[in-house]
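Residue numbers (our numbering): -15 to 188.
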């Protein structure tokens, strides 16, 4: 059974909600899925000032867990944006992959991305596009979802997150906007889509 790692960082819960849907979609395709969250880099005082809720109960992806990534058949990374790029917490995770880069442990491994931004001009595409550089240096194979989810991707009568690069949502400037049904469904679709891709490449 192919194994997929979903590794995310979520401050206000938006990315966590998308991650749960991605996990469900991948599992429906018969893949084993493990879910981990990135370590927090901010202090408790700063998180309190930012009114961040308690962290989910998902296990934390510490350095000693890197073998889980190396042994997975595919991985999907999820994170909010910071100035049009991935947040520092997830960048710190990528920065810890030096030994995996040196050994080539992640080369040829499929990888997907999902993301959240504070506004429509906040980086729904640039956050993913700049993250692809991390995958390229590691030799990973980026798997976008294109416009495979259907005609609702082209609706102009509402605000909806996501792009050809992956599932997405908007949090609003204060984090008050929650993922809408469409965004959650698209995240589930990404999990299914990615799982089908991984199954084609995984050893029989």
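Idealized CB from N, CA, C, for every residue including glycine.
Small disclaimer: the values here were computed from a predicted structure and weren't measured.
>> Could you compute how far the alpha carbon of residue 173 sits from the alpha carbon of residue 99?
In response: Each residue's alpha carbon lies about 15 angstroms from the other.
> Taking the C-alpha atoms as reference points, what is the distance between residue 45 and residue 144?
Replying inline: Cα-Cα distance, rounded: 30 angstroms.
> Quick one: complete beta strand (DSSP E) runs, 3+ long, within the region 140 to 174?
Replying inline: Secondary structure in the region 140 to 174: the beta strand (DSSP E) runs of 3 residues or longer, each lying completely within the stretch, are 152 to 154 in chain order.
> How would you call residue 78, buried or exposed, if buried means at least 16 neighbouring beta carbons within 10 angstroms?
Replying inline: Here residue 78 is buried: its Cβ has 16 or more other Cβ atoms, across all protein chains shown, within 10 Å.
> Taking the alpha-carbon positions, what's the residue 191 to residue 151 distance?
Replying inline: For residue 191 there is no data in the structure shown, the boundaries of the chain being -15 and 188.
> Considering only residues of the region 10 to 86, which uninterrupted alpha helix (DSSP H) runs meet the minimum length of 4 residues and lie entirely inside it, listed in chain order?
Replying inline: Assignment of alpha helix (DSSP H) within the region 10 to 86, counting only whole runs of 4 or more residues, yields 28 to 33, 50 to 55 and 72 to 79 in chain order.
> Which whole-angstrom value is the C-beta distance of residue 57 and residue -13, which I expect to be below 8 angstroms?
Replying inline: Going by Cβ atoms, the distance from residue 57 to residue -13 rounds to 5 angstroms, so yes, they are a contact pair.
> Per DSSP, what kind of secondary structure is residue 6 in: helix, strand or coil?
Replying inline: In this structure, residue 6 counts as helix in the three-state DSSP scheme.
>> Once the 5 residues before and after residue 167 are set aside, which same chain residues still bring their CB inside 8 angstroms of it?
In response: Excluding the 5 residues flanking it on each side, residue 167 has same chain C-beta neighbours closer than 8 angstroms at 2, 144, 145, 146, 151, 152 and 153, in chain order.
> Are the CB atoms of residue -11 and residue 53 nearer to each other than 7 angstroms?
Replying inline: Taking C-beta atoms as the reference points, residue -11 and residue 53 count as a pair closer than 7 angstroms.
>> What does the Cβ neighbour count give for residue 121, buried or exposed, with the cut at 16 atoms within 10 Å?
In response: With fewer than 16 Cβ atoms within 10 Å of its Cβ, residue 121 is classed as exposed.
> Who are the Cβ neighbours of residue 115 in its own chain at under 6 angstroms, not counting the five residues just before and after it?
Replying inline: 70 and 97.
> Less than 7 angstroms separating the beta-carbons of residue 60 and residue 178?
Replying inline: Yes, the pair counts as a contact, with Cβ atoms nearer than the cut-off.
> Taking C-beta to C-beta, are residue -1 and residue 64 nearer than 7 angstroms?
Replying inline: Yes, these two residues count as a Cβ contact at 7 angstroms.
> Name the DSSP bridge partner or partners of residue 133?
Replying inline: Paired residue(s): none; residue 133 is not in a bridge.
> Could you give the residue range of the alpha helix (DSSP H) that holds residue 113?
Replying inline: 110 to 122 is the extent of the alpha helix (DSSP H) around residue 113.
> Three-state secondary structure (DSSP) at residue 182?
Replying inline: Correct three-state label for residue 182: helix.
>> Considering just the uninterrupted stretch of the beta strand (DSSP E) at residue 101, what are its terminal residues?
In response: That run of the beta strand (DSSP E) goes 94 to 101.
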